[in-house]
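Encoded as structure tokens, the structure appears first; notes follow it.
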Ligand SMILES: NC(=O)c1ccc[n+]([C@@H]2O[C@H](COP(=O)([O-])OP(=O)(O)OC[C@H]3O[C@@H](n4cnc5c(N)ncnc54)[C@H](OP(=O)(O)O)[C@@H]3O)[C@@H](O)[C@H]2O)c1
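Numbering (this note's numbering), first residue to last: 409 to 719.
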């Protein structure tokens, strides 16, 4: 594995993480505790130490499954990133809950589900600017940091050009931005990434495989079951994305290179990007994704320098 410094958190994060929206049941399958243990156990063997989850991947279900794994592992070996801001009602049905009292309750529920007394990173979960521009929210979050329940704050921006929230990160006490970034979605390069670099923020690139479309295994016309979130994507837009993927495969991906691996490495080459958090459904996908490090050099500005930073 390769590691980078997660912006000014100074956390040493693996450049490949594990995204776990899938564990919440909105990606066409339900996960057993055994399956989650195989996925996270393999991740650990490969040197991965970053897990991204959220309050509303199921009603704290993804966190509960991760918690089941952590109980038999070393909690301190992991960077656990979760989020706040929603009440989950049912599959594909959640409502906003960004009031300070909601957030306190969500965090307590997350900690209980994860079986831990702190999270490394608590992220504002793609809320509106009006939910964001609320001083009392950030003073409440600061108190949670002072109490030790949260080590660092982050902002998972909803729109990929949300400079309003990104540029306010340092001011509200956040050290990490999470944003959709992949070979089909380069919008963050224009203004979000320059602001992250200027503020020394860690950047987690989410949806790095464009919801799996960049794996190269789907062709235009691909369909998904009703319980798979991709069933809800606009079919025309999906077909267009898959046509672009075919062009990319022919023109950019070196012959014989696995496309998912290439797509992750592509994200990691940007100076602003600290880590990618591909969603994973099984241990084989974790393994394939971890292998992206073979396509990455060591000269990234956030590359972890053992001697300078660990002493
Ligand atoms: N607002 C937010 O904060 C927000 C929103 C979205 C996501 N996220 C986070 O970001 C993570 C990643 O995003 P995402 O899961 O939406 O999209 P993604 O990572 O682009 O795609 C994940 C999907 O790609 C496929 N896949 C994964 N590895 C593969 C491999 N090696 N080869 C072939 N296919 C592979 C799997 O689906 P199939 O095998 O079924 O194709 C998997 O479910 C989420 O899990 C979540 O933690 C956060």
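Just so it is clear, CB atoms sit at the ideal spot from N, CA and C, and this is done for glycine as well. None of the values given here were measured: they were computed from a predicted structure.
Please specify which runs of the beta strand (DSSP E), each continuous and at least 3 residues long, are wholly inside the stretch 431–512, giving them in chain order.
-> 458–460, 487–492, 494–498, 501–504
Would a C-beta distance cut-off of 8 Å place residue 459 and residue 426 closer than the cut-off?
-> For the purposes of this step, residue 459 is taken as residue 51 along the chain shown, with counting starting at 1. For the purposes of this step, residue 426 is taken as residue 18 along the chain shown, with counting starting at 1. In contact: residue 459 and residue 426 (Cβ atoms closer than 8 Å).
Bridge partner(s) assigned by DSSP for residue 625 | Taking the chain shown and counting its residues from 1, one reaches residue 625 at position 217. Beta-bridge pairing links residue 625 to no other residue.
Reference residue 553, options 565, 527, 539, 577, closest by Cα | Translated into positions along the chain shown, residue 553 becomes position 145. Ranking 565, 527, 539, 577 by Cα distance to residue 553 puts 527 first.
Residue 492 versus 548, 530, 623, residue with shortest Cα-Cα distance = Sequence index remark: in the chain shown, residue 492 carries index 84 (1-based). Looking at the Cα atoms, 530 is the closest of the given residues.
Run of the alpha helix (DSSP H) containing residue 673, from where it starts to where it stops = Locating residue 673 in the chain shown gives position 265, where the first residue counts as 1. Residue 673 -> alpha helix (DSSP H) spans 667–676.
Cα separation between residue 692 and residue 548?
-> By 1-based counting over the chain shown, the position of residue 692 is 284. By 1-based counting over the chain shown, the position of residue 548 is 140. Their Cα atoms are separated by approximately 41 Å.
Using three-state DSSP, classify residue 710 as helix, strand or coil.
-> Position 302 of the chain shown holds residue 710. Of the three classes helix, strand and coil, the one that applies to residue 710 here is coil, per DSSP.
Beta-carbon contacts of residue 470 that lie in its chain and below 6 Å, excluding the five residues immediately before and after | Against the chain shown, residue 470 aligns to sequence position 62. Contacts found: 428, 431, 432, 461.
What residue does the alpha helix (DSSP H) around residue 545 start on, and which one ends it?
-> Here the question's residue 545 lines up with position 137 in the chain shown. First-last of the alpha helix (DSSP H) with residue 545: 543–554.
Nearest-angstrom Cα distance between residue 627 and residue 659?
-> For this step, residue 627 is matched to residue 219 along the chain shown. For this step, residue 659 is matched to residue 251 along the chain shown. For residue 627 and residue 659, the distance between alpha carbons rounds to 17 Å.
Compute the Euclidean distance between the alpha carbons of residue 539 and residue 506, then round it to the nearest angstrom.
-> The residue given as residue 539 occupies position 131 in the chain shown. The residue given as residue 506 occupies position 98 in the chain shown. So the two alpha carbons sit approximately 6 Å from each other.
Taking 7 Å as the cut-off, is the CB of residue 616 close to at least one heavy atom of ligand 1?
-> To locate residue 616, count along the chain shown from 1; it is residue 208. Because some heavy atom of ligand 1 lies under 7 Å away, the Cβ of residue 616 counts as near it: yes.
Which residue or residues does DSSP assign as beta-bridge partners of residue 424?
-> Counted from its first residue, the chain shown places residue 424 at position 16. 684, per the DSSP bridge assignment.
Under three-state DSSP, which class holds residue 568?
-> Looking up residue 568 in the chain shown gives position 160. In this structure, residue 568 counts as coil in the three-state DSSP scheme.
Residue 630, enclosing beta strand (DSSP E) - first and last residue | Residue mapping note: residue 630 aligns to position 222 of the chain shown, counting from 1. Run containing residue 630: none; DSSP gives neither H nor E here.
Cβ-heavy atom distance, residue 460 to ligand 1, below 7 Å | Along the chain shown, one-based indexing puts residue 460 at 52. Indeed, a heavy atom of ligand 1 lies less than 7 Å from the Cβ.
Taking 8 Å as the cut-off, decide whether the C-beta atoms of residue 695 and residue 450 are in contact.
-> Start at 1 with the first residue of the chain shown, and residue 695 comes out as number 287. Start at 1 with the first residue of the chain shown, and residue 450 comes out as number 42. Result yes, Cβ atoms of residue 695 and residue 450 sit closer than 8 Å.
With a threshold of 16 other CB atoms inside 10 Å of the CB of residue 662, please say whether the residue is buried or exposed.
-> In the chain shown, residue 662 corresponds to position 254, counting from 1. It counts as exposed.
According to DSSP, which residues form a beta bridge with residue 589?
-> Within the chain shown, residue 589 is the residue found at index 181, counting from 1. According to DSSP, residue 589 bridges with nothing at all.
Kindly provide the ranges of any alpha helix (DSSP H) runs that are 4 or more residues long and lie completely inside the stretch 517–543, ordered along the chain.
-> 537–540
Tell me residue 582's beta-bridge partners as DSSP assigns them.
-> By one-based count along the chain shown, residue 582 stands at place 174. Answer is 561.
Under 8 Å Cβ to Cβ from residue 568, same chain only, skipping five residues before and after it: list those, please.
-> Here residue 568 corresponds to residue number 160 of the chain shown, with the count starting at 1. Excluding residues within five positions, the ones whose Cβ falls inside 8 Å are 587, 588, 589, 593, 595, 596, 600.
Rounded to a whole number of angstroms, what is the C-alpha to C-alpha distance between residue 498 and residue 440?
-> Here residue 498 is taken as the residue at index 90 of the chain shown, counted from 1. Here residue 440 is taken as the residue at index 32 of the chain shown, counted from 1. Their Cα atoms are separated by approximately 19 Å.
Relative to the C-alpha of residue 708, which residue among 679, 683, 684 is closest?
-> For the purposes of this step, residue 708 is taken as residue 300 along the chain shown, with counting starting at 1. Closest option to residue 708, Cα to Cα, is 679.
Buried or exposed (CB count within 10 angstroms, at least 16 for buried), residue 524 | Counting from 1 along the chain shown, the entry for residue 524 is found at position 116. Buried.
Nearest-angstrom Cβ-Cβ length linking residue 353 and residue 410, presumed shorter than 8 Å = Here the chain covers residues 409 to 719 and nothing more, so residue 353 does not appear.
From residue 716 to residue 419, what distance separates their C-alpha atoms?
-> Position 308 of the chain shown, counting from 1, holds the residue named residue 716. Position 11 of the chain shown, counting from 1, holds the residue named residue 419. Reliability of the predicted coordinates at residue 716 is poor, the pLDDT of 48 falling under 50, and no value is obtained from them.
Helix, strand or coil for residue 613, going by three-state DSSP, please let me know.
-> Here residue 613 corresponds to residue number 205 of the chain shown, with the count starting at 1. Of the three classes helix, strand and coil, the one that applies to residue 613 here is strand, per DSSP.
Buried versus exposed, by CB contacts within 10 Å (16 or more), residue 422 = Indexing the chain shown from 1 puts residue 422 at position 14. Per the 10 Å Cβ criterion, buried.
Leaving aside the five residues before and after residue 417 along the sequence, list all residues of the same chain whose C-beta is less than 7 Å from its C-beta, in chain order.
-> For this step, residue 417 is matched to residue 9 along the chain shown. So the list reads 560, 583, 584, 610, once near-sequence residues are dropped.
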